[in-house]
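First comes the structure, then the notes that go with it.
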Amino acid sequence: KAGVTQTPRYLIKTRGQQVTLSCSPISGHRSVSWYQQTPGQGLQFLFEYFSETQRNKGNFPGRFSGRQFSNSRSEMNVSTLELGDSALYLCASSYQGAHTEAFFGQGTRLTVV
Amino acid sequence: KNEVEQSPQNLTAQEGEFITINCSYSVGISALHWLQQHPGGGIVSLFMLSSGKKKHGRLIATINIQEKHSSLHITASHPRDSAVYICALGGNQFYFGTGTSLTVIP
Numbered sequence: 001k002a003g004v005t006q007t008p009r010y011l012i013k014t015r016g017q018q019v020t021l022s023c024s025p026i027s028g029h030r031s032v033s034w035y036q037q038t039p040g041q042g043l044q045f046l047f048e049y050f051s052e053t054q055r056n057k058g059n060f061p062g063r064f065s066g067r068q069f070s071n072s073r074s075e076m077n078v079s080t081l082e083l084g085d086s087a088l089y090l091c092a093s094s095y096q097g098a099h100t101e102a103f104f105g106q107g108t109r110l111t112v113v
Numbered sequence: 114k115n116e117v118e119q120s121p122q123n124l125t126a127q128e129g130e131f132i133t134i135n136c137s138y139s140v141g142i143s144a145l146h147w148l149q150q151h152p153g154g155g156i157v158s159l160f161m162l163s164s165g166k167k168k169h170g171r172l173i174a175t176i177n178i179q180e181k182h183s184s185l186h187i188t189a190s191h192p193r194d195s196a197v198y199i200c201a202l203g204g205n206q207f208y209f210g211t212g213t214s215l216t217v218i219p
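So the sequence lines, in the order shown, correspond to chains A and B.
For the first sequence, counting from 1, position 49 maps to 49 in our numbering; every step adds exactly one.
In our numbering, each number is its position in the second sequence, counted from 1, plus 113.
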């Protein structure tokens with residue numbers, strides 16, 4: 001069974017630009033959640049999508065958005081990038097949510113210069 | 114206050130030692146996850162627990178629901194076990210502990 005695939009693995013963007021990250025979950029999984037990891041703040045929850053609907057949202061500004069497609073693949077978008085958005089972005093795939101077995105992708109490392 | 118507290122934050126062990134990492138939490142849970150993160154970033158799910166004990170190879174995870182406490186044990190530790198181990202509560206989202214950085218010295 002294929003694992004969770006995140007693309008791209010590495011990304012360098014300039015302040016003010018926007019970026020789109022992709023997460024392909026394990027086949028059959030309907031929940032995809034996104035997390036930001038920085039050395040100072042650790043792992044922080046961005047949002048969760050389940051069957052194409054945003055089910056939960058963390059405490060991030062509106063510049064961070066996401067969506068989920070009918071095949072459960074999810075994208076997150078960050079607009080008007082700031083230096084502080086430099087982080088590892090991880091997605092997790094599960095059948096029903098974090099109360100069920102979950103699998104994580106390798107992450108996308110975003111550097112904003 | 115973080116809902117999930119892990120200890121110790123850092124741990125150095127000699128190869129072959131028995132290792133214990135502790136996780137305490139303050140809220141009701143549906144599931145508790147133990148995760149492993151190697152340098153380079155990817156997270157691997159080791160265990161998901163809602164009660165009792167699970168074992169996989171040299172890894173053992175236990176949970177005491179009444180005491181709101183879980184432990185991850187590594188028997189016969191090996192340098193390849195060097196990683197950050199993260200305890201996470203599973204509910205509407207993951208609530209992560211701050212992680213335990215383990216270094217196993219040959």
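We put the CB at the ideal spot given by N, CA and C, even for glycine.
Are the Cβ atoms of glutamate 52(A) and serine 31(A) separated by less than 8 Å? No, the pair does not count as a contact, with Cβ atoms beyond the cut-off.
At 3 residues or longer, and completely inside the stretch 53 to 91 of chain A: list those beta strand (DSSP E) runs for me, N to C. At a cut-off of 3 residues, the continuous stretches assigned as beta strand (DSSP E) that sit fully inside the stretch 53 to 91 of chain A are 53 to 57, 64 to 68, 74 to 78.
Cβ pair leucine 46(A), phenylalanine 64(A) closer than 8 Å: Yes, they are a contact pair.
Determine the direct distance from the alpha carbon of valine 112(A) to that of glycine 84(A), and round the result to whole angstroms. Whole-angstrom Cα-Cα distance: 8 Å.
What do you get for glycine 97(A), buried or exposed, if any count of 16 or more other CB atoms within 10 angstroms of its CB means buried? Buried, because 16 or more other Cβ atoms sit within 10 Å of the Cβ of glycine 97(A).
Using a beta-carbon distance cut-off of less than 9 Å, what residues from the stretch 167 to 191 of chain B approach chain A? Residues passing the 9 Å Cβ filter: none.
So with CB distances below 9 Å, who are the chain A contacts of histidine 146(B)? Within chain A, the residues placing a beta-carbon under 9 Å from that of histidine 146(B) are Ala98, Glu101, Ala102, ordered along the chain.
What would DSSP say about glycine 9(A), mapped onto helix, strand or coil? Before going further, note that residue 9(A) is arginine rather than glycine in the sequence given. In this structure, arginine 9(A) counts as coil in the three-state DSSP scheme.
Round the Cβ separation of serine 214(B) and asparagine 123(B) to the nearest angstrom and send it over; I've been treating them as touching at under 8 Å. Right, their Cβ atoms sit about 5 Å apart.
Give a yes or no on whether the minimum CB-CB distance between glycine 66(A) and chain B is below 8 Å. When Cβ-Cβ separations below 8 Å define contact, glycine 66(A) makes no contact with chain B.
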